[in-house]
Amino acid sequence: MGPLREILSRSKPALGSVSEKKKKNQTKVSRLEEYLQQRDYLGALTLLEVQRYWESEEHADLWTGYCSFHLGDYKKAMEVYKSLTTGPDCPAEVWVYLACTLFFLGFYKEAEEAASKAPMSPLQNRLLFHLAHKAELKNLIDISSCSFEFAKELIRHNLVVFRGGEGALQVLPPLIDVIPEARLNLVIYYLRQDDVQEAYNLIQDLVPTTPQEYILKGVVNAALGQQIGSRDHLKIAQQFFQLVGGSASECDTIPGRQCMASCFFLLRLFDDVLIYLNSVKGYFFNDDTFNFNYAQAKAALGNFKQAEEIFLLIQNEKIKNDYVYISWLARCYIMNQKGQHAWELYLKMGTSSDSFSLLQLIANDCYKMGQFYYAAKAFDALEKLDPGSNYWEGKRGACVGIFQLILANKESKETLKEVVPLLRNSGNPQVEYIIRTLRKWAKDNRVLIS
Numbered sequence: 001m002g003p004l005r006e007i008l009s010r011s012k013p014a015l016g017s018v019s020e021k022k023k024k025n026q027t028k029v030s031r032l033e034e035y036l037q038q039r040d041y042l043g044a045l046t047l048l049e050v051q052r053y054w055e056s057e058e059h060a061d062l063w064t065g066y067c068s069f070h071l072g073d074y075k076k077a078m079e080v081y082k083s084l085t086t087g088p089d090c091p092a093e094v095w096v097y098l099a100c101t102l103f104f105l106g107f108y109k110e111a112e113e114a115a116s117k118a119p120m121s122p123l124q125n126r127l128l129f130h131l132a133h134k135a136e137l138k139n140l141i142d143i144s145s146c147s148f149e150f151a152k153e154l155i156r157h158n159l160v161v162f163r164g165g166e167g168a169l170q171v172l173p174p175l176i177d178v179i180p181e182a183r184l185n186l187v188i189y190y191l192r193q194d195d196v197q198e199a200y201n202l203i204q205d206l207v208p209t210t211p212q213e214y215i216l217k218g219v220v221n222a223a224l225g226q227q228i229g230s231r232d233h234l235k236i237a238q239q240f241f242q243l244v245g246g247s248a249s250e251c252d253t254i255p256g257r258q259c260m261a262s263c264f265f266l267l268r269l270f271d272d273v274l275i276y277l278n279s280v281k282g283y284f285f286n287d288d289t290f291n292f293n294y295a296q297a298k299a300a301l302g303n304f305k306q307a308e309e310i311f312l313l314i315q316n317e318k319i320k321n322d323y324v325y326i327s328w329l330a331r332c333y334i335m336n337q338k339g340q341h342a343w344e345l346y347l348k349m350g351t352s353s354d355s356f357s358l359l360q361l362i363a364n365d366c367y368k369m370g371q372f373y374y375a376a377k378a379f380d381a382l383e384k385l386d387p388g389s390n391y392w393e394g395k396r397g398a399c400v401g402i403f404q405l406i407l408a409n410k411e412s413k414e415t416l417k418e419v420v421p422l423l424r425n426s427g428n429p430q431v432e433y434i435i436r437t438l439r440k441w442a443k444d445n446r447v448l449i450s
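Per the UniProt record's numbering, the sequence shown starts with residue 1, numbered consecutively.
Structure (structure tokens):
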């Protein structure tokens, strides 16, 4: 796409002080450079979308396409580059960028056509090489020679891997005893489908001999241990991770450090978890799984502000719908005095055991942090769901806490309008005494509460 400084140095003059405008532009340029150097493509994309006026449309679109591509949003990048190719002053290299997005979307014929319109470059050459490998694989599979049967099986296996697991259940099971990697890739497929038990059944008798096998067996045991609450499986996982991370050959590798982080995570030694995650985080920027673990470690150590920021970077819907994610984010919100956001997380959940657990978390954590309004709402909801419990005591305390905040001018007097109905929802005889006290104060202070 060309050097960043060269592209951004072509900003047009505008009205106002030249020196002020130059200083302003330099600030924005440096911010964009900083985002890109840190591989914060989401931050760079946000900056571009908000501040498009300070750079020509052409260059803003180039960087928008670039950031979208690196965020894995190939469809958006394709649309941006396609739009650029229709312009009269489209840079010739845009065609190869468009070809790359088409390649990742699986439009190989269209990718080849677009690449042919681009000037010769290392990127174009590399892309054409990959495209040629796609036409060649099909030819190899079509060969029917008996002597070529093993090669055909290997190619089918590799195609499943290249296609992200597509066709795994049809292709891999017959190859388990033919190609050693087939078993491992089928285990990975089952893990991605959340079929942990099948993954375990397939790998439990495998005696690991390579770091990859130790890691995969550790991951499967950790997943199963967390799913069924088995300390034995978690202990096995921790030992496998420690074996890899502590070995002389792997201790300084990225997988080795991830293993040690996982080992300490299972041991709940989060200070040590962060030591290892911090050492490799530069390689996992915008990686949702990494950020999920990183944020949990931050939150476990009480660094709720940073944990909240990291949790909110996560885009993967599967992770965002996980109760572990929701509950940790809710706790971060509450500890950061954002009880309303935690309550909104609850409102988005359907009725389930998880939503009941989240209500309990909100009720108790908000009470502890002095956010009595949302504590009262949560205790009220809990009381309705489980009338025979002692949630009344928590709701009573939270409602009194709201009144105390009002007396201290830290809560709006209008909130009393909502406190009275919350109290009336309870059949406890103490309700009327508390309401009478609130009504007397409201009348004396000219506050309408009904």
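A virtual CB, placed ideally from N, CA and C, is assigned to each residue, including glycine.
DSSP, reduced to helix, strand and coil, places L277 within a helical segment of the structure shown. Listed in chain order, the non-local C-beta contacts of S121 below 8 Å within the same chain comprise E93, V96, local neighbours out to five positions each way being set aside. Each residue's CA atom was taken as its position, placing K410 and L423 some 21 Å apart. Note on geometry: alpha-carbon atoms of Y373 and Q315 lie some 30 Å from one another. Note that the C-beta distance between N293 and F265 is below 8 Å. Our two residues, S353 and Q360, have alpha carbons roughly 11 Å apart in a direct line.
With respect to the C-alpha of Q258, the residue from G225, L216, P91 having the closest C-alpha is L216. Distance between I319 and R436, taken at the CA atoms: about 47 Å. L172 and I236 have their C-alpha atoms spaced approximately 27 Å apart. Secondary structure of R446 (DSSP, three-state): coil. Relative to the Cα of D73, the nearest Cα in the group T46, T85, L105 belongs to L105. Its Cα nearest to that of C332, the residue Q296 stands out among N286, V219, Q296. With fewer than 16 other CB atoms across the displayed protein chains lying within 10 angstroms of its CB, D386 is exposed. Taking C-beta atoms under 8 Å as the contact rule, Y41 and G65 fail to qualify, at a distance of about 11 Å. Taking M369 as the centre and dropping the five residues before and after it, the same chain places the C-beta of I334, M335, Q337, G339 closer than 8 Å to its C-beta, in chain order. Contact between L358 and Y346 holds: their C-beta atoms lie close to 5 Å from each other, under 8 Å. Per the coordinates, the alpha-carbon of L45 lies some 28 Å from the alpha-carbon of L274. For D205, there is no enclosing alpha helix (DSSP H), since its DSSP letter is neither H nor E. Under the 10 Å beta carbon count, N291 is surrounded by 16 or more other beta carbons and is classified as buried. For A376, the enclosing alpha helix (DSSP H) starts and ends at 372-385. At the C-beta level, I434 and A442 stay beyond 8 Å of one another.
Residue environment analysis places G282 among the exposed positions, since fewer than 16 neighbouring C-beta atoms fall within 10 angstroms of its C-beta. Where E308 is concerned, the enclosing alpha helix (DSSP H) starts and stops at 304-311. Linking L36 to E49 through their CA atoms gives a straight-line distance of about 15 Å.
A77 is a Cβ neighbour of T101, given a cutoff of 8 Å.
Separation of D272 and G246 (C-alpha to C-alpha, rounded to the nearest whole angstrom) is 14 Å. By the 16-neighbour rule on beta-carbons within 10 angstroms, D61 is buried.
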